[in-house]
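K.L.:
For the protein sequence lines, the chains are A and B, in the order given.
According to this note's numbering, the first sequence is numbered sequentially starting from 8.
According to this note's numbering, the second sequence is numbered sequentially starting from 464.
Idealized CB from N, CA, C, for every residue including glycine.
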Amino acid sequence: MNDTLSKEILTDEQIDQDLLKNINWGNKFKLWLAFLAVSLIICLYYYYQQIEHGLGVTGLNDYVSWGIYISNFVFFVATSLIGMLISSVLGLMNVSWVKPLARIAELVAVAFAMVAGLIIITDMGRPDRLLNVFMHGRVQSPIVWDIAVVVTYVAISILLLYIPLLPDIAICRDKLKNVPKWQHKMYKILALGWKGKAKQFKLMHNYTRILLVLIIPIALSIHTVTSWLFAMTLRSGWDSPIFGPYFVSGAFVAGCAAVIITMYFFRKNYKLEKYITIDHFDRMGRLLVLVALVYVYFNINEIIVPAYKTNTADAKHVQEMLSGHESIMFWMVQLGGLIIPFLLILFRPMRSPLPLMLISIVILTGAWFKRVLIVVPTQLAPYYPIQNVPEKWTHYMPTIPEIAITAGSFILVLIIMSVLAKLFPVIPIWEIKEDIHHNKN
Amino acid sequence: MNYYKYYKSIILICLCFLAVANANAQSDWEIPEKEQENVSFIMFDDDMILEGSIAYENSCTSCHGTPGQDDYMPMAPSPGDLASDQFQEQKDGTIFYKIKKGRGSMPKFEDVFADDETWNIVAYIRSFNKNYKQPIPDLGGIIIPEYKLKLDFDENVDKLVVKVFSKEIPQAEVDVSAFVKGMFGKFLLGKTQTNELGIAYLDIDPQLPGDAEGKLHIMVKASKGYGLAKLNQKMKMVQPTIHKSAIEGRHIWSTDEMAPIWLKTSFFITIFGVWTILFFIVIGFYNIKKAGREDLH
Numbered sequence: 008m009n010d011t012l013s014k015e016i017l018t019d020e021q022i023d024q025d026l027l028k029n030i031n032w033g034n035k036f037k038l039w040l041a042f043l044a045v046s047l048i049i050c051l052y053y054y055y056q057q058i059e060h061g062l063g064v065t066g067l068n069d070y071v072s073w074g075i076y077i078s079n080f081v082f083f084v085a086t087s088l089i090g091m092l093i094s095s096v097l098g099l100m101n102v103s104w105v106k107p108l109a110r111i112a113e114l115v116a117v118a119f120a121m122v123a124g125l126i127i128i129t130d131m132g133r134p135d136r137l138l139n140v141f142m143h144g145r146v147q148s149p150i151v152w153d154i155a156v157v158v159t160y161v162a163i164s165i166l167l168l169y170i171p172l173l174p175d176i177a178i179c180r181d182k183l184k185n186v187p188k189w190q191h192k193m194y195k196i197l198a199l200g201w202k203g204k205a206k207q208f209k210l211m212h213n214y215t216r217i218l219l220v221l222i223i224p225i226a227l228s229i230h231t232v233t234s235w236l237f238a239m240t241l242r243s244g245w246d247s248p249i250f251g252p253y254f255v256s257g258a259f260v261a262g263c264a265a266v267i268i269t270m271y272f273f274r275k276n277y278k279l280e281k282y283i284t285i286d287h288f289d290r291m292g293r294l295l296v297l298v299a300l301v302y303v304y305f306n307i308n309e310i311i312v313p314a315y316k317t318n319t320a321d322a323k324h325v326q327e328m329l330s331g332h333e334s335i336m337f338w339m340v341q342l343g344g345l346i347i348p349f350l351l352i353l354f355r356p357m358r359s360p361l362p363l364m365l366i367s368i369v370i371l372t373g374a375w376f377k378r379v380l381i382v383v384p385t386q387l388a389p390y391y392p393i394q395n396v397p398e399k400w401t402h403y404m405p406t407i408p409e410i411a412i413t414a415g416s417f418i419l420v421l422i423i424m425s426v427l428a429k430l431f432p433v434i435p436i437w438e439i440k441e442d443i444h445h446n447k448n
Numbered sequence: 464m465n466y467y468k469y470y471k472s473i474i475l476i477c478l479c480f481l482a483v484a485n486a487n488a489q490s491d492w493e494i495p496e497k498e499q500e501n502v503s504f505i506m507f508d509d510d511m512i513l514e515g516s517i518a519y520e521n522s523c524t525s526c527h528g529t530p531g532q533d534d535y536m537p538m539a540p541s542p543g544d545l546a547s548d549q550f551q552e553q554k555d556g557t558i559f560y561k562i563k564k565g566r567g568s569m570p571k572f573e574d575v576f577a578d579d580e581t582w583n584i585v586a587y588i589r590s591f592n593k594n595y596k597q598p599i600p601d602l603g604g605i606i607i608p609e610y611k612l613k614l615d616f617d618e619n620v621d622k623l624v625v626k627v628f629s630k631e632i633p634q635a636e637v638d639v640s641a642f643v644k645g646m647f648g649k650f651l652l653g654k655t656q657t658n659e660l661g662i663a664y665l666d667i668d669p670q671l672p673g674d675a676e677g678k679l680h681i682m683v684k685a686s687k688g689y690g691l692a693k694l695n696q697k698m699k700m701v702q703p704t705i706h707k708s709a710i711e712g713r714h715i716w717s718t719d720e721m722a723p724i725w726l727k728t729s730f731f732i733t734i735f736g737v738w739t740i741l742f743f744i745v746i747g748f749y750n751i752k753k754a755g756r757e758d759l760h
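1) Cα separation between Ala-258/A and Tyr-76/A?
2) Leaving out the 5 sequence neighbours to the left and right, which residues in its chain are closer than 8 Å to Gln-386/A when beta-carbon positions are compared?
3) By the DSSP assignment, the alpha helix (DSSP H) with Phe-119/A in it spans what residues?
4) Using the Cα positions of Tyr-194/A and Glu-720/B, report the straight-line distance between them to the nearest angstrom.
5) Can you check whether the C-beta of Lys-554/B is within less than 8 Å of a C-beta belonging to chain A?
6) Taking the runs of the alpha helix (DSSP H) that are 4 residues or longer, which of them lie wholly in the stretch 340-403 of chain A?
7) Where Ile-599/B and Glu-580/B are concerned, what is the direct C-alpha to C-alpha distance, given to the nearest angstrom?
8) Find the nearest neighbour of Glu-438/A within the set Ile-381/A, Thr-413/A, Thr-233/A, Leu-173/A, judged by alpha-carbon distance.
9) What separation, rounded to the nearest whole angstrom, lies between the Cα atoms of Asn-395/A and Gly-373/A?
10) Under 8 Å between the Cβ atoms of Lys-622/B and Asp-666/B?
11) Spell out whether any CB of chain B is found under 8 Å from the CB atom of Gln-21/A.
12) Below 7 Å CB to CB, which residues in the same chain sit around Pro-348/A once its five sequence neighbours on both sides are set aside?
13) Indicate whether Ile-463/A and Ile-178/A have their beta-carbon atoms separated by less than 8 Å.
14) Could you check the C-alpha separation between Ile-476/B and Pro-540/B for me, to the nearest Å?
15) With which residues is Phe-642/B paired in a DSSP beta bridge?
16) CA-CA distance, Lys-432/A and Met-239/A?
17) How about Val-161/A and Met-100/A: are their beta carbons less than 8 Å apart?
18) At 9 Å on the CB atoms, spell out the chain B contacts of Lys-192/A, in chain order.
19) What's the call for Thr-215/A, buried or exposed, on a 16-neighbour Cβ count within 10 Å?
20) So the alpha helix (DSSP H) Val-420/A belongs to, where does it begin and stop?
21) Compute the distance between the beta-carbons of Asp-555/B and Asp-544/B, then report whether it is under 8 Å.
22) Report the residue ranges of all alpha helix (DSSP H) runs contained in full by the stretch 63-94 of chain A; include only those spanning at least 4 residues, in chain order.
23) Across which residues does DSSP place Pro-633/B in a beta bridge pair?
24) Helix, strand or coil for Gly-690/B, going by three-state DSSP, please let me know.
25) Give the range of the alpha helix (DSSP H) segment to which Lys-564/B is assigned.
26) Given a threshold of 16 other Cβ atoms within 10 Å of its Cβ, counted over all protein chains shown, does His-762/B qualify as buried or as exposed?
27) Beta-carbon within less than 6 Å of Leu-97/A's beta-carbon, same chain only, minus the 5 sequence neighbours each way: which residues are those?
28) Is the shortest distance between the beta-carbon of Ala-162/A and the beta-carbons of chain B less than 8 Å?
29) Kindly indicate which three-state DSSP category Asn-695/B falls into: helix, strand or coil?
30) Please say whether Ser-729/B and Lys-684/B have beta carbons closer to each other than 8 Å?
31) Please name the residue in Cys-263/A, Ala-123/A, Tyr-55/A, Asn-68/A whose C-alpha comes closest to that of Glu-398/A.
32) Nearest by alpha-carbon distance to Ile-584/B: which of Leu-602/B, Gly-603/B, Lys-563/B is it?
33) At a Cβ threshold of 8 Å, is Arg-756/B touching chain A?
34) Quick check: the stretch 44-53 of chain A against the stretch 107-127 of chain A, are there 3 or more CB pairs under 8 Å?
35) Can at least three beta-carbon pairs, one atom from the stretch 683-698 of chain B and one from the stretch 603-617 of chain B, be found at a separation below 8 Å?
36) Are the beta-carbon atoms belonging to Leu-691/B and Leu-612/B less than 8 Å from one another?
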């Protein structure tokens, strides 16, 4: 018995009606999309400036060559990892309450993973030389591994979003009559002639299962390799063998928070209260506590081991974090963005939709600044002291174009998620029906 | 307050003294006429220049810098660049005398270098002067004996055997020195004299690194009075050296071509494997389509 679904018995017609409701090009949505598009164009203008004048328009310099762009990249890769945790790990363990959330998690994964690749390009002074990475890349370089796994992860995530969507696309094709012609044609092509045959379901289940298994090592390696970009460099603060699991655990925190926020807005805007219930928020809140605890554990390790050994450079790094120049951001992120929120979520009232969503926003913001704390301070403390350079190279502050381009990446994610959520049902209709029929019997 | 005044006057006196000393130093360096006409009775050759360069780098570069580079120490009097015209105008004997005797901050090397070693340095300095013509020494009727050298290696006792002849007759009491030529200089194997059979033995350390065939580049010099002979020869004497790449085992940090096989194979097999599965699934879309059509007929 799946108690996360609403207790009242829903008929198939009711379900179709409820879950297809979001597929329309209402004026509210058009306004929202126009707002996003205008914002994106403003950000693109700043990117045009960056292309014209080079990376000089950013706050990056010889020492801090990875600023908020790369922090943002790490954050995006991290957030996209949630697709793996929810649809694959929990899905394969037959945790049935996540079923209605699997598609939302997969949407988050696809949107963030796709844009993560673009962020790397914004950090390049000469994006026209991107092809050189493929032509002249060294197979020993973590950057080449990173590109390989990011591309693979995007491909698997798209397939994992698409294949379980087939029966729902067929429903869209059959039930939605008043959609634009091109949209109907798109459903017809994408539905792959879906008739709901047993053999078709069998094939779909087989392919999905292959992908669900395949995505686990790929998702783990995508973020492990991203951590290796740092950990395989001999720098204080990065030179750590636990960086792989540390990053992965942090990724689940950011991802859970992102899914909770997305859930909240889809539920509110598309009136999905019967499908995404308060119970779902409660369980997602508990999951968030679990992954946050694991992350806190890694954070303690990450600080206490070098702090105990006080090897010269690492001691300086830890000192900077705990009580030095970075301490305000550090404690804001650790206490405000991680520990206090997860302590709050321990209380049941805090796991109801609105408080949990607000706490998730705080956690997600903390997670973003946490990535800045990983990327930037280490670069400001090289083993050789920074000498005989302009004064402004000794610190780092992102400029307006840099912030705008970074904001642009978030806007792009919102656009991708909004458009996909307007084209396809965000809750798997066929799975809900299956569940209800199963419960009836 | 009084002390302060004292300091002032002391500094003033010191400055005056330095100025006078400087003026003194800059006055011409008088070299006795006879010494100026001194010349090397050995004609300069590449070997002398090589030896001279080693001695120069050890004892002279710190002040005079590398000849031709104008990188000498800023001192008073100026050491000057040894490749400059002003310096090269001097006679061989003058340079020889100056190295030997020294003056002021230029130390005397009389006790450091033997005469032939000092001439090596002169030969090295002259190698920077293309117009230099070595004066022919006047030997006053003395006939210089011509020596011939023959080298052999006795592997039973690890000794280099040097035989010195003059007109087929073995020569006794000839000074023999032997070196191994290295990349940047010479390694002295030893100095000895020939016995009454005209043979000199020199120890070879079997641990010396040879080339790929176990050969050493041996340089032997034999001299007695005005007579001098040299011989360079590569001889198989030691174990061959197998050259290993300096980054052996650290190919992970090298170029793409040097990437370790295990890394290449595991990387490409993984990527290829995963994408094959994805490709298989995309092909599978056709099966889904076909399955939908089957019951129509």
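P.N.:
Put simply:
1) Working through the first sequence from its first residue, we reach residue 258/A at position 251. Working through the first sequence from its first residue, we reach residue 76/A at position 69. Spanning the two alpha carbons is a distance of roughly 17 Å.
2) Residue numbering aside, residue 386/A sits at position 379 when the first sequence is read from its first letter. If we look at Gln-386/A and ignore the five residues flanking it on each side, its Cβ neighbours are Tyr-70, Val-71, Ser-72, Trp-73, Arg-242, Tyr-403.
3) Position 112 of the first sequence holds residue 119/A. Run containing Phe-119/A: 106-129, per the alpha helix (DSSP H) assignment.
4) Within the first sequence, the letter at position 187 stands for residue 194/A. Within the second sequence, the letter at position 257 stands for residue 720/B. Computed Cα separation, rounded: 48 Å.
5) Taking the second sequence and counting its residues from 1, one reaches residue 554/B at position 91. So no, Lys-554/B is outside the interface.
6) 347-352, 360-386
7) Residue mapping note: residue 599/B aligns to position 136 of the second sequence, counting from 1. Residue mapping note: residue 580/B aligns to position 117 of the second sequence, counting from 1. Each residue's alpha carbon lies about 19 Å from the other.
8) Taking the first sequence and counting its residues from 1, one reaches residue 438/A at position 431. Nearest of Ile-381/A, Thr-413/A, Thr-233/A, Leu-173/A to Glu-438/A, Cα basis: Leu-173/A.
9) The residue given as residue 395/A occupies position 388 in the first sequence. The residue given as residue 373/A occupies position 366 in the first sequence. Between Asn-395/A and Gly-373/A, the C-alpha separation is close to 35 Å.
10) By 1-based counting over the second sequence, the position of residue 622/B is 159. By 1-based counting over the second sequence, the position of residue 666/B is 203. Cβ distance < 8 Å, so Lys-622/B and Asp-666/B count as in contact.
11) Residue numbering aside, residue 21/A sits at position 14 when the first sequence is read from its first letter. Cβ-Cβ to chain B under 8 Å: no for Gln-21/A.
12) To locate residue 348/A, count along the first sequence from 1; it is residue 341. Same-chain partners within the cutoff: Ile-366, Val-369, Ile-370.
13) In the structure displayed, chain A extends from 8 to 448; residue 463/A sits before or after that span and is not available.
14) Position 13 of the second sequence, counting from 1, holds the residue named residue 476/B. Position 77 of the second sequence, counting from 1, holds the residue named residue 540/B. Roughly 20 Å separates the two Cα atoms.
15) Position 179 of the second sequence, counting from 1, holds the residue named residue 642/B. Beta-bridge pairing links Phe-642/B to Leu-651/B, Met-682/B.
16) Your numbering for residue 432/A matches position 425 in the first sequence. Your numbering for residue 239/A matches position 232 in the first sequence. The residue you asked about is not Lys; residue 432/A is Pro in the sequence shown. One C-alpha to the other measures close to 42 Å.
17) For this step, residue 161/A is matched to residue 154 along the first sequence. For this step, residue 100/A is matched to residue 93 along the first sequence. Cβ atoms of Val-161/A and Met-100/A: not closer than 8 Å.
18) For the purposes of this step, residue 192/A is taken as residue 185 along the first sequence, with counting starting at 1. What Lys-192/A touches in chain B: nothing, since even the nearest Cβ is about 16 Å away.
19) Taking the first residue of the first sequence as position 1, residue 215/A is located at position 208. Within a 10 Å sphere around the beta-carbon of Thr-215/A sit 16 or more other beta-carbons, which makes this residue buried.
20) Your numbering for residue 420/A matches position 413 in the first sequence. Start and end: 407-430.
21) Sequence index remark: in the second sequence, residue 555/B carries index 92 (1-based). Sequence index remark: in the second sequence, residue 544/B carries index 81 (1-based). No, they are not a contact pair.
22) 75-87
23) To locate residue 633/B, count along the second sequence from 1; it is residue 170. Paired residue(s): Phe-628/B.
24) Stepping through the second sequence from its first residue, residue 690/B is reached at position 227. The answer is strand: DSSP assigns Gly-690/B an E or B state.
25) Sequence index remark: in the second sequence, residue 564/B carries index 101 (1-based). Run containing Lys-564/B: 555-564, per the alpha helix (DSSP H) assignment.
26) With chain B represented from 464 up to 760, any question about residue 762/B goes unanswered, as that position is not in the structure.
27) Here residue 97/A refers to the residue found at position 90 when the first sequence is read from its first residue. The residues are Val-105.
28) Stepping through the first sequence from its first residue, residue 162/A is reached at position 155. Judged by the 8 Å Cβ criterion, Ala-162/A is in contact with chain B.
29) The residue you call residue 695/B lines up with position 232 of the second sequence. Three-state result, Asn-695/B: strand.
30) If you number the second sequence from 1, residue 684/B lands on position 221. If you number the second sequence from 1, residue 729/B lands on position 266. Contact: no.
31) Numbered from 1 along the first sequence, position 391 holds the residue referred to as residue 398/A. Considering only alpha carbons, the answer is Asn-68/A.
32) To locate residue 584/B, count along the second sequence from 1; it is residue 121. Selected option, being the one with the closest Cα: Lys-563/B.
33) Sequence index remark: in the second sequence, residue 756/B carries index 293 (1-based). Output row for Arg-756/B: interface = yes.
34) no
35) yes
36) Within the second sequence, numbered from 1, the residue matching residue 691/B stands at position 228. Within the second sequence, numbered from 1, the residue matching residue 612/B stands at position 149. It is not a contact, given that the beta carbons lie outside the stated cut-off.
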